[in-house]
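Student: Mind looking over this structure? Questions follow.
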Amino acid sequence: MVIIESTWKMKFEHLLSDINGFGRFQIMIIIISFIARFTLPCHFMLGNFIAAMPSHRCDLSALDDEGVFGNLTQEQRLTVSIPVQEDGTPSSCKMFPEPQFHLLSNSNDSDLATVPCQNGWVYDNSTFKSTLATEWDLVCDQKGQNKATATIFFMGVMFGAMTYGSLSDRFGRKTMLLVSYISGMLFGIASAFSTSFIMFAVLRFFTGFGITGIVIVSSVLSVEWVDIEHRKLVGVIDSLSWTFGNSMIPAIAYCVNDWRQLTIVVTSPLALAILTWRWIPESARWLIANGKFEKANFYLQQCAQMNQKQEFASKITPETLSGIIVTQRKDRSYSYLDLVRTPKMRRLALLTGIVWYGVASTYYGISFNITGFGLNIYLTQFVYGAIELPAKLSVYYLLDKVGRRNTEVGSLLGAGICLAVNIFLPRDMSVLRTVVAVLGKGCSAASFTTVVLYSSELFPTVVRQNGMGYNSSMGRLGVSLAPLILLLDEVWRDLPQVLLCSIALLASLMARMLPETRDRCLPETIQDIEDGQTGYDIASSLNSVISVTQISH
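Offset between the sequence shown (1-based) and our numbering: plus 7.
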């Protein structure tokens, strides 16, 4: 039975190889997926712009209307009404209870009483026409709500990852991909018309819940349709959609500086994705695992014809496909519980969950801190996005040269080191600190690119979508907490950097304990994991096929 099981595992790989495991059919899937995946990094980084907090001070117009200031200039009005901060600028959140006219001759205001702004705020609109902060005055004592918008969004992403991971294993990749497209677009557009912060927060949560299915489902769908030798290429290409989106969002935000319009613009590509959804195939692996051989045959025939391998199409029939599954056929539904029912699956789930948390927390902890270096936020965001291109191209080279595990360990270690270096660099060295942060962003991007492909190869087909859903949820938990970690700079200036550095180093250590999957076939059943076969060596699998062929003859 063990020999037969090895045979059918390679049988699908051989079948995919015969009809070209990376031809026009697979390229079509990648291109169509790219359209929808572009909107994901835009939404993930959207908070950097719509929740930006421009310079502000207390509104003095009410005093002006009462004629209190007389003929004072604007500068003099600020002097007598608003205390000065250490850097010499007017306070953002405090004002004097009464105008202090003596300050016109004596600038010492250190001992004077102050009160919170009494009549709202005046905002600097030179960079942003409107943001969440200016719309609902989410500044000073309310700035925590402003920062919480990112956490709320990513909490939705986290719960969405768990939901889509389970449902796509039950109802199919293609069906749940359409659900993700439609729900993400509807909630995303609706959030742009919010009339209150509570309404926006709720709709933002469901936007995150909806669009997360795009990356969860499309990543697995791409991997399941390509052969072994092209899996890393597809993983890198898929991740380049994030690079493209991360590089484009600052340009889009620069041109569209109203938060409502910007939200609509970054959501609009999903309309095109819905129109092109009809050409996306269902996963043949999933169909075979669920006993749907007729549909699997239909898509495999399509693949053969589009890849100009018609000579092999006649050999593919529902009957031949039915011989592929001989054990653990999915006559029952698999759930997240199957990730922890057996010892080695539990260990795999624990380790990959910690790695995903660390990768996501590090990546977004760096990404969200675009205002922390004193440079232009549009330029910083663009450089953060652009650095991902060489980082991900290097991943394409390293995945085969040093393996998935070593690439993951090394990139996380590099990100941790960069975070550690910035702890000791003086704050006034803003350019150098930004350069180090950009290098750290490159390392974290490389770790993210690697972990998506790596984890999809570690989990068996019958629970792969559940595994990816669980891992993505752990990642989104890390993302959700990243904005809150950055708020800890009020406790100690370098505390966020220390925490992110520690998380990156811990994740690197956990990644070192995972098995290598380079040049190995995808595991199909939970028993494969328990037997210590997290991926099958190509050469040994071929020997198994030859042995069975000789026995059968």
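Glycine included, every Cβ here is placed at the ideal spot set by N, Cα and C.
If you're wondering where the values come from, they're calculated on a predicted model, not measured in any experiment.
Cutting at 7 Å between CB atoms, please list the residues of its own chain near Y171, excluding the five before and the five after it.
Tutor: The residues are M183, S187, T219, G220, I223, V224, G476.
Student: In this structure, does DSSP put P257 in helix, strand or coil?
Tutor: Correct three-state label for P257: helix.
Student: Going by DSSP in three states, P123 sits in which element: helix, strand or coil?
Tutor: Looking at P123 - three-state DSSP - the assignment turns out to be strand.
Student: Between the Cα of S198 and those of I271, V347, S62, V470, spot the shortest distance and give me the residue it belongs to.
Tutor: Comparing Cα positions, the closest option is I271.
Student: Looking at the structure shown, is Y188 part of a helix, part of a strand, or coil, going by DSSP?
Tutor: The answer is helix: DSSP assigns Y188 an H, G or I state.
Student: As an exercise, report each continuous alpha helix (DSSP H) stretch of at least 4 residues that is fully enclosed by the stretch 63-116, in chain order.
Tutor: Qualifying alpha helix (DSSP H) stretches, in chain order: 68-72, 81-88.
Student: Taking the alpha carbon of S62 as the reference point, which residue from Q472, S137, N113, H50 has its own alpha carbon closest?
Tutor: Cα-wise, what sits closest to S62 is S137.
Student: Considering only the alpha carbon of each residue, which of P433, E231, W284, R412 lies closest to T457?
Tutor: Answer by Cα proximity: R412.
Student: Assuming L279 contacts L355 under a Cβ cut-off of 8 Å, what Cβ separation, rounded to an integer in Å, is found between them?
Tutor: Not a contact, Cβ separation roughly 37 Å.
Student: Look at the alpha carbon of A320 and the alpha carbon of I377, and state the distance between them as a whole number of angstroms.
Tutor: In a straight line, the C-alpha of A320 is about 53 Å away from that of I377.
Student: Between which two residues does the alpha helix (DSSP H) containing Y477 stretch?
Tutor: Segment 471-493, the alpha helix (DSSP H) holding Y477.
Student: Check whether the stretch 392-406 touches the stretch 240-251, counting contact only when three or more Cβ pairs, one atom from each stretch, lie closer than 8 Å.
Tutor: Judged by Cβ distances under 8 Å, the stretch 392-406 makes contact with the stretch 240-251, as three or more pairs qualify.
Student: How many Å lie between I42 and S275 at the Cα?
Tutor: Spanning the two alpha carbons is a distance of roughly 10 Å.
Student: Among H237, A168, W284, M102, which residue has its Cα nearest to the Cα of I185?
Tutor: A quick correction: the sequence has Leu, not Ile, at residue 185. Of the listed residues, the one whose Cα sits closest to L185 is W284.
Student: Which residue's Cα is closest to the Cα of S568: S374, N78, S487, A291?
Tutor: Examination of residue 568 is not possible in this model, given that the chain is present from 8 through 560 alone.
Student: Starting from Y130, trace the beta strand (DSSP E) both ways and give me its first and last residue.
Tutor: Per DSSP, Y130 belongs to the beta strand (DSSP E) from 128-130.
Student: Assuming Y403 and K239 form a contact by the criterion Cβ under 8 Å, report the distance between their Cβ atoms to the nearest whole angstrom.
Tutor: Right, their Cβ atoms sit about 6 Å apart.
Student: Can you give me the C-alpha to C-alpha distance between F76 and F103, rounded to a whole angstrom?
Tutor: C-alpha separation (whole angstroms): 14 Å.
Student: Quick one: grab the DSSP three-state call for S625.
Tutor: The chain is shown only over 8 to 560; residue 625 falls outside these bounds and no answer can be derived.
Student: How far does the alpha helix (DSSP H) with T274 in it reach, from first residue to last?
Tutor: Counting along the chain, the alpha helix (DSSP H) containing T274 begins and ends at 266-274.
Student: My output table needs one value for R527: the three-state DSSP class, helix, strand or coil.
Tutor: Looking at R527 - three-state DSSP - the assignment turns out to be strand.
Student: Taking 7 Å as the cut-off, is the C-beta of I235 nearer than that to any heavy atom in the ligand ZN?
Tutor: This structure does not include the ligand ZN; it has no bound ligands of any sort.
Student: Can you tell me which of the three DSSP states F431 falls into?
Tutor: Helix, per DSSP.
Student: Output needed for E301: all residues of its chain with C-beta closer than 6 Å, excluding positions within five of it in sequence on either side, in chain order.
Tutor: Taken in chain order, the residues that qualify are P325.
Student: Counting Cβ pairs closer than 8 Å, one from the stretch 187-196 and one from the stretch 420-427, do we hit at least three?
Tutor: In short, these stretches do not touch, since the Cβ pair count stays below three.
Student: Could you check what DSSP says for S40 in three-state terms: helix, strand or coil?
Tutor: S40 falls in the helix class under three-state DSSP.
Student: By how many angstroms is the C-alpha of V416 removed from the C-alpha of L357?
Tutor: Between L357 and V416, the C-alpha separation is close to 16 Å.
Student: At which residue ranges does the stretch 368-453 contain complete alpha helix (DSSP H) runs of 4 or more residues, listed in the order of the chain?
Tutor: Those alpha helix (DSSP H) runs which fall completely within the stretch 368-453 and span 4+ residues are 384-393, 395-408, 411-431.
Student: Could you give the distance in angstroms between the alpha-carbon of D265 and the alpha-carbon of G195?
Tutor: Rounded to the nearest angstrom, the two C-alpha atoms are 15 Å apart.
Student: Could you give the residue range of the alpha helix (DSSP H) that holds H50?
Tutor: Its alpha helix (DSSP H) spans residues 46-52.
Student: Please name the residue, chosen from T532, R527, I536, D538, that lies closest to E236 on a Cα-to-Cα basis.
Tutor: E236 has its Cα closest to that of R527, out of T532, R527, I536, D538.
Student: Taking contact to mean 3 or more Cβ pairs, one atom from each stretch, closer than 8 Å, check whether the stretch 159-167 and the stretch 478-494 are in contact.
Tutor: Short answer: they touch.
Student: Here's the rule: buried if 16 or more other CB atoms are within 10 angstroms of the residue's CB, otherwise exposed. What is R31?
Tutor: Exposed is the call here.
Student: Can you name the start and end residues of the alpha helix (DSSP H) that T327 belongs to?
Tutor: Per DSSP, T327 belongs to the alpha helix (DSSP H) from 325-329.
Student: Indicate the three-state DSSP secondary structure (helix, strand or coil) for F204 in the structure shown.
Tutor: Reduced to three states, the DSSP call for F204 is helix.
Student: Roughly how many angstroms lie between the CA atoms of Q83 and Q107, to the nearest whole one?
Tutor: Their backbone Cα atoms lie some 10 Å apart in a straight line.
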